[in-house]
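Asker:
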Amino acid sequence: MKTAPFCVIAGIAIAGLALSGCSSSSGGSGDDTSGRGPITYVQGKDNSNVVRPLIAKWNAAHPKEKVTFKEQSDNADQQHDDLVQHFQAKDSGYDVVDVDVVWTGEFAAKGWLQPLTGKMKIDTSGLLKPTIDSATYNGTLYAAPQTSDGGLLYYRTDLVSTPPATWDDMIKDCSIATQAGIGCYAGQFSQYEGLTVNVAEAINTAGGTVVASDGKTPTLNTADAKKGLGRLVDAYKNGDIPQEAITYQEEQGRQAFEAGKLLFLRNWPYVYSLAKTDGSSTVKDTFAVAPLPGDDGPGASSLGGHNAAISTYSTHKATAHDFLEFLESDTTQKFFATQGSLAPVRASLYDDSALAEQLPYLPTLKTSIEHAVPRPVTPFYPAVTKAIQDNAYAAIKGDKSVDQALSDMQAAIKSASSGN
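Going by my numbering, 14 is the number at position 14 of the sequence shown; the sequence numbering is gapless.
(1) Candidates T104, E106, D149: which alpha carbon is nearest S368's?
(2) Would you kindly work out how many angstroms separate the C-alpha atoms of T157 and A354, rounded to a whole number?
(3) Can you tell me which residues form a DSSP beta bridge with P504?
(4) Please report the straight-line C-alpha distance between W268 and V199, rounded to a whole angstrom.
(5) Sort Q249, S302, A383 by Cα distance to E370 and report the nearest one.
(6) Kindly list the residues whose CB is nearer than 7 Å to the CB of L54, restricted to its own chain and excluding five residues on each side of it in sequence; keep chain order.
(7) By DSSP, does N391 sit in helix, in strand, or in coil?
(8) I'd like the span of the beta strand (DSSP E) that includes S407, first residue to last.
(9) Could you give the residue range of the alpha helix (DSSP H) that holds S399?
(10) Between G291 and T338, is the Cβ-Cβ spacing less than 8 Å?
(11) Can you tell me whether DSSP reads P53 as helix, strand or coil?
(12) CA-CA distance, W112 and T312?
(13) Measuring CB atoms only, is the stretch 340-359 touching the stretch 70-86, in the sense that at least three cross pairs come out at less than 8 Å?
(14) Could you tell me whether the stretch 231-249 touches the stretch 172-189, using the rule of 3 or more Cβ pairs below 8 Å?
(15) Check whether the Cβ atoms of L434 and A392 lie closer than 8 Å to each other.
(16) So is P63 buried or exposed if we call it buried at 16+ other beta carbons inside 10 Å?
(17) Which same chain residues end up closer than 7 Å to S418 when comparing Cβ atoms and leaving out the 5 residues on each side of it in sequence?
(18) Three-state secondary structure (DSSP) at F323?
(19) Mapping the DSSP letters down to three states, classify H86 as helix, strand or coil.
(20) Judging by CA-CA distance, which residue of T319, S341, K366 is the nearest neighbour of R36?
(21) Would you report the Cα separation of D285 and S415, rounded to the nearest angstrom?
(22) Look at S273 and E258 and say whether their C-beta atoms are less than 8 Å apart.
(23) Give me, in chain order, the residues of the same chain whose beta-carbon lies closer than 6 Å to that of V271; leave out the 5 immediate sequence neighbours on both sides.
(24) How should G279 be labelled, buried or exposed, when 16 other C-beta atoms within 10 angstroms of its C-beta is the threshold for buried?
(25) Excluding the 5 residues flanking G21 on each side, which residues of the same chain have their C-beta closer than 6 Å to its C-beta?
(26) The beta strand (DSSP E) with Y185 in it runs from where to where?
(27) Check whether the Cβ atoms of W103 and H80 sit closer than 8 Å, and answer yes or no.
(28) Just to confirm, are A135 and N307 a CB contact at a threshold of 8 Å?
(29) Can you give the Cα-Cα distance for G230 and V402, rounded to whole angstroms?
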């Protein structure tokens, strides 16, 4: 999921890596967790200048355990492939790595991430539960929740006085959009990762799931999954989702909303400040945010964000562990929010009145994250997301029935998880 200022996609990650100065040594076995010394931290492009100040602060306090920052590009596929390359080489030069929430299962299943158990355990008591879930695979924590994200419903306050609490309420309000001569609702429906985010939200909100807790067994042959995908299909067919929205990624939806062409928009928090400050925005003073609408209250946003994980091959795991705790501290988490507009993972910061004054969407975002569900945590994520994208896109366009799309998704995920 891409985070652009925030996470332009719930999790479509930001990053890809310029390869330079990497060690090819095989590193640790995963058993020795007592090593201390300098470490490297690998993360995507630091566009908001968040990482460098934090590392400088760490290094000033830990002169014998300094952190070197290896900055990646802003391309998610490149970041993923680079990390895979270095893990496969058993490179001890990548001690702590920034992991998109959807990569946890894949990397953990391959034995590349140090389990955060025993002496490596971290305190998660103050963290939002969905962020912990996003860092957990098969019941074991493999990463430290670092930054989060959740979907929000942007709505026009000059056209609706109260945001819809449920999906059905929102669809009823589409008559207001029709009277105003604008589109009703849009999300991210182009055939890319954003569609996986939106479809997973629809299915989870309806009470369904994509895969079982084992990360392997598809669970799409249910009435709940049919209800969830069917809502999107019906809304597009009926015109409640405008025809052009089938091409929308995050930015196209944002631009349409700012131009006054939409009553409702599902998007990430980064849109808030832009809609308030863009010179071309026509809705600066006429929009607000609400949780995504569900069946009888807030819906299930797809959880975005990134986690910090320790490589199995690091030789300085004790230092790496302490650096994870530093990233999760109240001070660091507040800096993420104020400096980079990144959603903190510590629950208490969402109730910080001074912080909420700076970032007015925080209380709503907290509700979104509390009801969020990670996209499928699975070691076969690339195959799972492709199955969702291909078949949901065909269903929304009307090229497949909902039943056929879900059946084909089910079969594709089952095939991938069985190695066929």
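Note that CB positions come from ideal geometry on N, CA and C, so glycine has one too. Nothing here was measured: the structure is a model prediction, and the numbers come from that model.
Answerer: Considering the structure as presented:
(1) One-based indexing of the sequence shown puts residue 368 at position 368. Looking from the CA of S368, the closest CA among T104, E106, D149 belongs to D149.
(2) For the purposes of this step, residue 157 is taken as residue 157 along the sequence shown, with counting starting at 1. For the purposes of this step, residue 354 is taken as residue 354 along the sequence shown, with counting starting at 1. Going from the Cα of T157 to the Cα of A354 covers about 25 Å.
(3) Because residue 504 is not part of the residues shown, which for the chain are 1 to 420, the question remains open.
(4) Against the sequence shown, residue 268 aligns to sequence position 268. Against the sequence shown, residue 199 aligns to sequence position 199. Inter-residue distance for W268 and V199 is about 15 Å (C-alpha atoms, whole angstroms).
(5) Indexing the sequence shown from 1 puts residue 370 at position 370. Its Cα nearest to that of E370, the residue S302 stands out among Q249, S302, A383.
(6) Within the sequence shown, numbered from 1, the residue matching residue 54 stands at position 54. Cβ within range, chain order: T332, F335.
(7) Working through the sequence shown from its first residue, we reach residue 391 at position 391. In the structure shown, the three-state DSSP call for N391 is helix.
(8) The residue labelled residue 407 in the question sits at position 407 within the sequence shown. Premise fails: S407 lies in the alpha helix (DSSP H), 402-417, not in any beta strand (DSSP E).
(9) As a working mapping, residue 399 is identified with position 399 in the sequence shown. As written in the sequence, residue 399 is Asp, which differs from the Ser given in the question. According to the DSSP assignment, D399 belongs to no alpha helix (DSSP H), since it is labelled neither H nor E.
(10) Position 291 of the sequence shown holds residue 291. Position 338 of the sequence shown holds residue 338. Reading the sequence as shown, one finds Pro at residue 291 and not Gly. Remark: C-beta atoms of P291 and T338 do not approach each other more closely than 8 Å.
(11) Along the sequence shown, read from residue 1 onward, the residue named residue 53 stands at position 53. Residue state, collapsed to three classes: helix.
(12) Counting from one through the sequence shown, the residue named residue 112 turns up at place 112. Counting from one through the sequence shown, the residue named residue 312 turns up at place 312. Straight-line Cα distance between these residues: approximately 5 Å.
(13) Output reads no: the stretch 70-86 does not touch the stretch 340-359.
(14) They touch, by the three-pair rule.
(15) This structure leaves residue 434 out entirely; the chain is present only between 1 and 420.
(16) Locating residue 63 in the sequence shown gives position 63, counting from the first residue. With fewer than 16 other beta carbons inside 10 angstroms of its own, P63 counts as exposed.
(17) Here residue 418 refers to the residue found at position 418 of the sequence shown. Excluding sequence neighbours, S418 sits near nothing in its chain.
(18) By one-based count along the sequence shown, residue 323 stands at place 323. F323 falls in the helix class under three-state DSSP.
(19) As a working note, residue 86 is residue 86 in the sequence shown. Helix, per DSSP.
(20) If you number the sequence shown from 1, residue 36 lands on position 36. Selection T319, S341, K366 evaluated against R36 yields T319 as nearest (Cα-Cα).
(21) The residue labelled residue 285 in the question sits at position 285 within the sequence shown. The residue labelled residue 415 in the question sits at position 415 within the sequence shown. Distance between the alpha carbons of D285 and S415: 50 Å.
(22) Along the sequence shown, one-based indexing puts residue 273 at 273. Along the sequence shown, one-based indexing puts residue 258 at 258. No; because the gap between Cβ atoms is not below 8 Å, this pair is not in contact.
(23) Numbered from its first residue, the sequence shown carries residue 271 at position 271. Closer than 6 Å at Cβ, skipping near neighbours: R254.
(24) As a first step, residue 279 is located in the sequence shown; it is residue number 279 there, counting from the start. Its Cβ having fewer than 16 others within 10 Å, G279 is exposed.
(25) By one-based count along the sequence shown, residue 21 stands at place 21. Low local confidence applies: a pLDDT of 35 at G21 is under 50, so the model's placement there is unreliable, and no value is given.
(26) Locating residue 185 in the sequence shown gives position 185, where the first residue counts as 1. Going by DSSP, Y185 is part of the beta strand (DSSP E) stretching over 183-186.
(27) Residue numbering aside, residue 103 sits at position 103 when the sequence shown is read from its first letter. Residue numbering aside, residue 80 sits at position 80 when the sequence shown is read from its first letter. Contact flag set, yes.
(28) Against the sequence shown, residue 135 aligns to sequence position 135. Against the sequence shown, residue 307 aligns to sequence position 307. Contact: yes.
(29) For the purposes of this step, residue 230 is taken as residue 230 along the sequence shown, with counting starting at 1. For the purposes of this step, residue 402 is taken as residue 402 along the sequence shown, with counting starting at 1. One Cα belongs to G230, the other to V402, and the distance between them is close to 6 Å.
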